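Take a look at the structure below.
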Amino acid sequence: QLASAYQELGKELASEKLKVVGGYTIGRVIGEGSFGAVHIAIHRGTGTRCAIKKIPKTLSSQITREIHHHRRLHHLHIVQLYEIIATETHIWLVTELCSGGELFDYLVERGRILEGEARRLFGELTVAVGYMHDQGVVHRDLKLENILLDGDLRVKLADLGFAREWTKGKLLETHCGTTGYASPEMLSGKRYLGVETDVWSLGIILYILLCGGLPFDHDDERVMKDLILKGEYEEPEWLSHEARSLIASLLRQDPTARPSIQDIFAHPWFGL
1 QLASAYQELG KELASEKLKV VGGYTIGRVI GEGSFGAVHI AIHRGTGTRC
51 AIKKIPKTLS SQITREIHHH RRLHHLHIVQ LYEIIATETH IWLVTELCSG
101 GELFDYLVER GRILEGEARR LFGELTVAVG YMHDQGVVHR DLKLENILLD
151 GDLRVKLADL GFAREWTKGK LLETHCGTTG YASPEMLSGK RYLGVETDVW
201 SLGIILYILL CGGLPFDHDD ERVMKDLILK GEYEEPEWLS HEARSLIASL
251 LRQDPTARPS IQDIFAHPWF GL
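Numbering (the UniProt record's numbering), first residue to last: 1 to 272.
Written out as C-alpha cells, the structure reads:
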C-alpha cells in the first residue's frame with residue numbers, strides 16, 4: 001500500500017525538491033493560506049496524503065487563534081487539523097487534503113453553477129457555518145478561496161485565521177476579511193454582530209455561485225465599498241424567483257433583519 005501511494009503521488013511530489021518534516025515528505029505548493037504556503041505531503045509511515053501549511057515562526061502569535069479553533073471544531077465540512085509540527089524556523093500545520101481544490105477555481109472553470117448543484121454546495125457551507133456559530137465561533141472571512149472541495153466535491157471550510165469567539169448580542173470591533181465579501185456594517189467602521197456578518201458573506205457567496213461574479217464589483221476598492229453600502233445589485237434573468245428572494249434576504253442592509261441559519265434552510269429555495 002505504501003509503495004502504491006508513493007507511486008500515485010510520484011508526479012506531484014517530484015515537481016519540487018523533496019524534504020522531510022516530522023514524519024512527512026513535503027511536495028509542491030498547492031495553495032496559499034493567510035499566513036503561508038500550503039504543500040501536498042505524504043505520511044512516511046502510512047502513505048496517507050495530506051496538506052501541510054508552512055508558517056514562519058515569527059507569525060506564531062498570529063496563528064494561535066487559528067490553531068485553537070481548528071483543534072476544537074470537528075465537522076464533516078470543516079478542514080480537519082491532524083498535527084502541529086514545530087521546527088527551528090517554521091510551524092507546520094498538517095490537515096486533511098482537499099484534492100478538489102478551491103471552490104473559486106471550480107467556479108472559474110464553469111462560469112457559474114446551476115441552482116441544483118449550488119443548492120448542495122451552499123447547503124454544505126451553511127451547515128458548517130451554522131456549526132461554528134453553535135460552538136460560539138464566527139468565521140469573519142468567508143469567501144470562495146477559503147472554501148475547499150475534497151475528492152468527492154464535498155465542501156470543506158478552511159482558513160480560520162480571522163475566526164473569533166462570540167456570545168449572542170456581543171458586538172465585535174476588528175474589521176477584517178475581504179472587501180467584496182464584507183458586510184456594510186463592517187465597512188462603515190461600526191461595531192458589528194459577528195453572526196450576521198457571516199450571513200451577509202453567505203449571501204455574497206450564493207450570488208457568486210449562481211451569477212458567476214460579485215454582486216458589488218469594481219476595480220476601485222473605494223467605489224466597491226460605496227456599492228456595498230448602497231446595497232444595489234443586478235439580478236440576472238436566469239435566477240429563479242426563490243433564489244432572488246433568498247439572496248435579497250441575506251444581503252439586507254439591516255443586519256438584524258437577515259435570516260438565521262435555521263431560517264436559511266427553511267427558505268423555499270431549499271425546497272425546490
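Glycine included, each C-beta is placed from N, C-alpha and C at the ideal position.
Since we're looking at a predicted model, the values are computed, not measured.
Item: For Leu157, which of helix, strand or coil comes out of DSSP?; Value: strand
Item: Whole angstroms is fine: what's the gap from Trp166's alpha carbon to Val137's?; Value: 6 Å
Item: Tell me which residue opens and which closes the alpha helix (DSSP H) that Val223 is part of.; Value: Glu221 to Lys230
Item: With the cut-off set at 8 Å, would you say Ile261 and Val129 are in Cβ contact?; Value: yes
Item: Nearest to Thr197 by CA position, among Phe162, Ile113 and Gly45, is which residue?; Value: Phe162
Item: Here's a check: name, in chain order, each residue in its chain whose Cβ is nearer than 6 Å to the Cβ of Arg252, leaving out the five neighbours to either side.; Value: Arg258
Item: Kindly indicate which three-state DSSP category Glu16 falls into: helix, strand or coil?; Value: Any reading at Glu16 is ruled out, since the residue's pLDDT is 49, under 50, leaving its predicted position unreliable.
Item: Got a sec, what are the start and stop residues for the beta strand (DSSP E) Arg28 sits in?; Value: Tyr24 to Glu32
Item: For the putative contact between Ile52 and Glu102, defined by C-beta atoms under 8 Å, what is the C-beta separation to the nearest angstrom?; Value: In fact, because the Cβ distance is near 17 Å, the residues do not count as touching under 8 Å.
Item: Please identify the residue among Ile67, Pro184, Leu142 and Phe104 whose C-alpha is closest to the C-alpha of Gly212.; Value: Phe104
Item: Residues in the same chain with beta-carbon distance under 8 Å from Arg164, minus the five sequence neighbours each way, listed in chain order, please.; Value: Arg65, Val137, Val138, Arg140, Leu172, Thr174 and Gly194
Item: His69: buried (16+ other C-beta within 10 angstroms of its C-beta) or exposed?; Value: buried
Item: Quick one: give me the first and last residue of the alpha helix (DSSP H) that Pro184 is part of.; Value: Pro184 to Leu187
Item: Can the beta-carbon of Leu93 be found less than 8 Å from the beta-carbon of Leu107?; Value: no
Item: Go through its chain and collect everything with a Cβ distance to Lys143's Cβ below 6 Å, but skip five positions before and after it.; Value: Thr178 and Tyr181
Item: For Lys143, name the three-state secondary structure that DSSP assigns.; Value: coil
Item: Going by the CB atoms, is the gap between Pro215 and Tyr233 shorter than 8 Å?; Value: yes
Item: If you follow the alpha helix (DSSP H) that His68 is part of, which residue opens it and which one closes it?; Value: Ser60 to Arg72
Item: What are the start and end residues of the beta strand (DSSP E) that includes Leu107?; Value: Unbroken run through Leu107 is the alpha helix (DSSP H), Leu103 to Arg110; no beta strand (DSSP E).
Item: Can you tell which of His77, Ser60 and Leu97 has its C-alpha closest to the C-alpha of Ile26?; Value: Leu97
Item: The beta strand (DSSP E) spanning His43 covers which residue range?; Value: Ala37 to His43
Item: Which of the three DSSP states is assigned to Phe237 in this structure?; Value: Here residue 237 turns out to be Glu, not Phe, going by the sequence shown. Coil, per DSSP.
Item: For the alpha helix (DSSP H) containing Cys211, name the first residue and the last one.; Value: Gly194 to Cys211
Item: Between the C-alpha atoms of Ile208 and Gly100, what's the straight-line distance to the nearest angstrom?; Value: 19 Å
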